[in-house]
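Trainee:
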Amino acid sequence: MKARDNPLCTDRQLAFRYRPLDCTWDDLMRRLHNLRYRCLVVGPEGSGKTTLLEDLAPRLHALGFATTFVRIDDGLPRVSAGPSAIVLLDGAEQLDRTSWNALCEQTRQSAGLVATSHTAGRLPTLIECRTSVPLLRRIVADLAPQHAALLEPLLADVYARRNGNIRLALGDLYDVLAGL
Numbered sequence: 007m008k009a010r011d012n013p014l015c016t017d018r019q020l021a022f023r024y025r026p027l028d029c030t031w032d033d034l035m036r037r038l039h040n041l042r043y044r045c046l047v048v049g050p051e052g053s054g055k056t057t058l059l060e061d062l063a064p065r066l067h068a069l070g071f072a073t074t075f076v077r078i079d080d081g082l083p084r085v086s087a088g089p090s091a092i093v094l095l096d097g098a099e100q101l102d103r104t105s106w107n108a109l110c111e112q113t114r115q116s117a118g119l120v121a122t123s124h125t126a127g128r129l130p131t132l133i134e135c136r137t138s139v140p141l142l143r144r145i146v147a148d149l150a151p152q153h154a155a156l157l158e159p160l161l162a163d164v165y166a167r168r169n170g171n172i173r174l175a176l177g178d179l180y181d182v183l184a185g186l
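In my numbering, the protein residues as written are 7 to 186.
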């Protein structure tokens with residue numbers, strides 16, 4: 007199968023948006039408000055944290071907030087956000103205590119700070135992103151319905167081999183379809 011025809015290609019995966027498992031978006035937004043827009047999205051790699059963070063932005067805009075998206079790749083960037091802006095930070099687990107404290111100080115006057123992290127504790131938890139074989143099955147069925155039956159027998163093994171990382175599991179399943 008050619009890459010452009012593979013239903014599990016990166017572009018299709020990126021177009022797949024976060025769907026809360028145990029609550030609704032309204033529930034999440036209510037909880038976010040109750041946490042005063044300062045909280046963590048917690049979960050292991052490949053569990054949807056970044057996608058959830060990206061999907062929060064338009065919902066926050068609809069409430070009248072501006073958003074500033076910050077990805078921690080190489081050290082702490084200088085963050086400036088006004089009083090109506092909520093900072094959406096991807097990768098809080100990469101910051102040591104000093105950098106985290108500096109970031110909190112930089113965002114103290116902003117409307118909020120929502121950060122992703124692999125572990126809980128630095129702020130209250132908004133949601134814990136979890137993965138499962140049924141979730142992988144649902145994503146495969148949505149992205150590649152014509153191949154879901156073919157991939158079904160592989161899902162549990164791929165999920166286990168990738169330690170629950172949905173992104174990596176989808177990459178392995180992409181490779182299976184590429185071989186067709």
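Each residue gets a CB set at the ideal place from its N, CA and C atoms; glycine is no exception. The structure presented is a predicted model; accordingly, all values stated were derived computationally and were not measured.
Have a look at the DSSP bridge pairing and note the partners of R44.
Mentor: According to DSSP, which records beta bridges pairwise, R44 is partnered with L119.
Trainee: Let me confirm a value: G127 is counted as buried when at least 16 other C-beta atoms fall within 10 Å, else exposed. Which label applies?
Mentor: Result: exposed.
Trainee: According to the Cβ coordinates, are T122 and A87 closer than 9 Å?
Mentor: Result no, Cβ atoms of T122 and A87 do not sit closer than 9 Å.
Trainee: Check the DSSP bridge columns for R77 and list the partner residues they point to.
Mentor: Bridge partners of R77: D96.
Trainee: Following the continuous beta strand (DSSP E) through T131, name the residue where it begins and the one where it ends.
Mentor: Run containing T131: 131 to 134, per the beta strand (DSSP E) assignment.
Trainee: Roughly how many angstroms separate the alpha carbons of D79 and A162, rounded to a whole number?
Mentor: Approximately 32 Å, taken between the alpha carbons.
Trainee: State the beta-bridge partners of A72 as determined by DSSP.
Mentor: BP columns for A72 point to A91.
Trainee: So, under 8 Å CB-CB, A175 and V164 are touching, yes? Tell me the CB distance rounded to an integer number of Å.
Mentor: About 5 Å separates the two Cβ atoms, so the contact holds.
Trainee: Count the CB pairs spanning the region 133 to 140 and the region 49 to 56 that are closer than 8 Å, and state whether there are at least three.
Mentor: Because the criterion of three Cβ pairs below 8 Å is met, the region 133 to 140 and the region 49 to 56 touch.
Trainee: Using alpha carbons as the reference points, say which of Q19, M7, H124, L20 lies closest to Q100.
Mentor: Measuring from the Cα of Q100, the nearest candidate turns out to be H124.
Trainee: Would you give the residue range spanned by the alpha helix (DSSP H) that G177 belongs to?
Mentor: Counting along the chain, the alpha helix (DSSP H) containing G177 begins and ends at 172 to 184.
Trainee: Is E51 helix, strand or coil when you go by DSSP?
Mentor: E51 falls in the coil class under three-state DSSP.
Trainee: Leaving out five residues on either side along the sequence, give the residues of the same chain with a beta carbon under 8 Å from the beta carbon of W106.
Mentor: Closer than 8 Å at the Cβ level, and outside the excluded window around W106, lie A98, R128.
Trainee: With a threshold of 6 Å on Cβ separation, who are the neighbours of L95 within its own chain once the five nearest residues in sequence on each side are excluded?
Mentor: Cβ within range, chain order: V76, A121.
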